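Enquirer: Sharing a structure, written as structure tokens. Questions coming.
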Amino acid sequence: MSAHSMLDIVFSHILRVVTPLQEDWQIRFAIINDLRSIVDTVESLRGTTVEPFGSFVSNLFTRWGDLDISIELSNGFHISSVGKKQKQILLGDVLKALRIKGGWSNLQFIPNARVPILKFNRQGISCDISINNLPGQMKSKILLWINRIDDRFHDMVLLVKEWAKAHNINNSKAGTFNSYSLSLLVMFHFQTCIPAILPPLKDIYPGNMVDDLRGVRADAENLIAEICDANIKRFISNRARSMNRKSVAGLFVEFTRKFSQMDSWATQLGICPYTGEWEQIENNTTWLPKTYAIFVEDPFEQPQNTARSVSARQLKKISETFLKTYSLLTSNNQNQESLLHDLAPTYVVKRITRPPIRNYGGGYFQPTQPQVSTRVGRPQLPTERHFQNAGQGTSSNRSCINGHKQVHKVTKSNSSSSNGHIMVREGTSSNSSSSNGHIMVHKGTNSNSSSSNGHIKAHKGQQIWRPKN
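Here the sequence shown is numbered in UniProt numbering, starting from 1 and rising by one per residue.
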């Protein structure tokens, strides 16, 4: 068996364990619903919406992944703007409401962070709440759309996150990479491998995306989606481009090699997914005069450094980790056990290599297969743009072509809508994948849904959109 074949087997085991089950989606939707019901009781937050973002919206989360939630303030149809002080006050109001209600553990208010957040744990899921994080929502959606270009991006991001957790280099509080930076490293690797798998982000959205989030929210989001949609389709349909057919195993080996000496070049070179190229730091005036241990530019919010929390001391450890794993992956003495322990955290390894089970006839039965999870269908790239101003319960339909799928009371739906709003009403169980739409989960709903373009909203007993007759 070749080294890459063995590595592919190990990766398949890891992905089976970490890929979210339907219940993992349902738990997160339930958390959103529960939070929505509490936010509704806070006088200062009347008219707001509760909208997830981050890896959950990007479909780049694992079974144990965090849940990021934004409370979006109402400003009519327009994108609202609020200062840091007001965000701190509003999150303080949410904190009080959660304490009164009870059942929300490990409450932690971090008011002085760059983006003030309220952290808590619910049903074993670590959650972060922020105020008016529309940029975070749009970044998440674009990452989801990029998934459409090549499935290997999704798998690589999940595998890199688990590998980083196994080596304790996925913790911004400890001076290492946050998950967003790791996702951008994977993206950059896919842009710079030969032949390239992903285009520079400027070829998907030629501009600083956060600067374009102004005015009417539906219009701003709609325009961004239209541009990304057209450019991604153009890239996918370009038959003249060279195709990279390497396996995830081969790409992972190259990934560890590419960044195995980052501590030696990080002071001179920055990682720029927007251009898809290494950038000389001294030639990029927008990166100066600030100095960081390593620079991984946010392609949607230039010139922000997504790796600003990485310390110089930890960067050396990170480089050594990349090199150690690369050496193992290219060694002649590797086996599945050594690979598994290097590439996955202990809690994942235990779910793959379960202990022997005593059988009734004496002796032991050793399970040979890892626990198998049911993959949720991958969301599709939006083909139409249909956006909603959630605060007012209205919709803007500038370029909607198809209809809208609705799941009615006491029905079970496993639907995929290339356009629409997937509406789940009371008493409904839904497993839905929407390539463009808003996923709206109402009271008494059990939903397993993924949206590649729209907002995922949880409203208690409230129908916030209905199609025109």
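C-beta atoms are modelled at their ideal positions from N, C-alpha and C, and glycine is treated no differently. Keep in mind it's a predicted model, so treat the numbers as computed, not measured.
1) Report all residues from its chain with a CB closer than 8 angstroms to the CB of H4; omit the five preceding and five following residues, and keep chain order.
2) Using C-beta distances below 8 angstroms, list every residue in its chain close to I169, excluding the 5 sequence neighbours before and after it, in chain order.
3) Determine the contact status of P273 and L144, defining contact as a CB-CB distance below 8 angstroms.
4) Between D128 and I146, which are expected to be in contact by the criterion C-beta below 8 angstroms, what is the C-beta distance as a whole number of angstroms?
5) From the DSSP output, read off the bridge partner residues of H154.
6) Once you ignore the five residues that flank L159 on each side, which residues in its own chain have a CB closer than 8 angstroms to its CB?
7) Using only the alpha-carbon positions, how far apart do K173 and N238 sit?
8) Kindly list the residues whose CB is nearer than 7 angstroms to the CB of L323, restricted to its own chain and excluding five residues on each side of it in sequence; keep chain order.
9) Give a yes or no on whether the C-beta atoms belonging to V296 and A312 are separated by under 8 angstroms.
10) What does Q86 pair with, by DSSP beta-bridge criteria?
11) Where does the unbroken beta strand (DSSP E) through R214 begin, and where does it stop?
12) Measure the C-alpha to C-alpha separation of T286 and Y326 and round it to an integer number of angstroms.
13) Closest Cβ-Cβ distance between K165 and chain C: below 8 angstroms?
14) Roughly how many whole angstroms lie between the Cα atoms of T19 and K165?
15) Is it the case that the Cβ atoms of residue 475 and A220 are separated by a distance below 8 angstroms?
16) Within 10 angstroms of its Cβ, does E51 collect 16 or more other Cβ (buried), or is it exposed?
17) Strictly by DSSP, which residues pair up with D203?
18) Give me, in chain order, the residues of the same chain whose beta-carbon lies closer than 6 angstroms to that of P199; leave out the 5 immediate sequence neighbours on both sides.
19) Can you tell which of E277, R351, F255 has its C-alpha closest to the C-alpha of T330?
20) Under the three-state reduction of DSSP, which class applies to T325: helix, strand or coil?
21) Are the region 42-61 and the region 105-113 in contact at 8 angstroms, needing three or more beta carbon pairs?
22) If we require 4 or more residues per run, which alpha helix (DSSP H) segments fall completely within the region 270-354?
23) Sorted by chain position, which residues of the same chain lie with C-beta nearer than 6 angstroms to D66's C-beta, five sequence neighbours on each side aside?
24) Might you give, ordered along the chain, the residues of its own chain that have their beta carbon closer than 7 angstroms to the beta carbon of V82, omitting 5 neighbours on each side?
25) If you scan the region 75-154 from start to end, which runs of the beta strand (DSSP E) of 3 or more residues do you find wholly inside it?
26) For L288, is the classification buried or exposed, using 16 other Cβ atoms within 10 angstroms of its Cβ as the cut-off for buried?
27) Candidates L213, K84, L182: which alpha carbon is nearest P135's?
28) Considering Cα atoms alone, identify which of R28, G207, L91 is closest to R122.
29) Could you round the C-beta distance between I232 and R148 to whole angstroms and report it? I think they count as a contact, below 8 angstroms.
Expert: According to the structure shown:
1) Apart from sequence neighbours up to five positions away, the residues of its chain that approach H4 with a beta-carbon distance below 8 angstroms are S247, A249, G250, V253, ordered along the chain.
2) Within the same chain, and ignoring the five residues on either side of I169 in sequence, the residues whose Cβ sits closer than 8 angstroms to its Cβ are T176, F177, Q314, K317, I318, T321.
3) Between P273 and L144, the C-beta spacing is not below 8 angstroms.
4) Rounded, the Cβ-Cβ distance is 23 angstroms, inconsistent with contact.
5) Among the bridge pairs identified by DSSP, H154 is matched with none.
6) For L159, where only same-chain residues beyond five positions count, the Cβ hits under 8 angstroms are F11, I14, L15, V248, F252, L343.
7) Each residue's alpha carbon lies about 42 angstroms from the other.
8) S260.
9) The answer is no: Cβ separation not under 8 angstroms.
10) Its beta-bridge partners do not exist; DSSP assigns none.
11) R214 -> no beta strand (DSSP E), and no H or E assigned at all.
12) The straight-line gap from Cα to Cα measures roughly 33 angstroms.
13) No chain C appears in the structure shown, which is made up of a single protein chain.
14) Whole-angstrom Cα-Cα distance: 15 angstroms.
15) With the chain running from 1 to 469 in the structure shown, residue 475 is simply not present.
16) In the assembly as shown, E51 is a buried residue. Its beta-carbon has 16 or more other beta-carbons within 10 Å.
17) Partner(s): none; D203 has no beta bridge.
18) Cβ neighbours of P199 within its own chain (closer than 6 angstroms, five residues either side excluded): F235.
19) Residue F255 is the option with its Cα nearest to T330.
20) Residue state, collapsed to three classes: helix.
21) The region 42-61, when compared against the region 105-113, does not touch it at the 8 angstroms Cβ threshold.
22) Correct list: 312-329, 336-343, 346-352.
23) Shown here for D66: same chain residues with a beta carbon closer than 6 angstroms to its own, the five before and five after excluded, namely S126 in chain order.
24) Counting only Cβ-Cβ distances below 7 angstroms, and skipping sequence neighbours, we find L73, I131, N132.
25) The region 75-154 contains these whole beta strand (DSSP E) runs: 105-110, 117-122, 125-131.
26) Counting C-beta atoms within 10 angstroms of its own C-beta, L288 has fewer than 16 neighbours from the protein chains shown and is therefore classed as exposed.
27) Checked all of L213, K84, L182; the closest Cα to P135 is L213.
28) Checking every option, the nearest Cα to that of R122 belongs to R28.
29) At roughly 6 angstroms, the Cβ-Cβ gap stays under 8 angstroms, so I232 and R148 are in contact.
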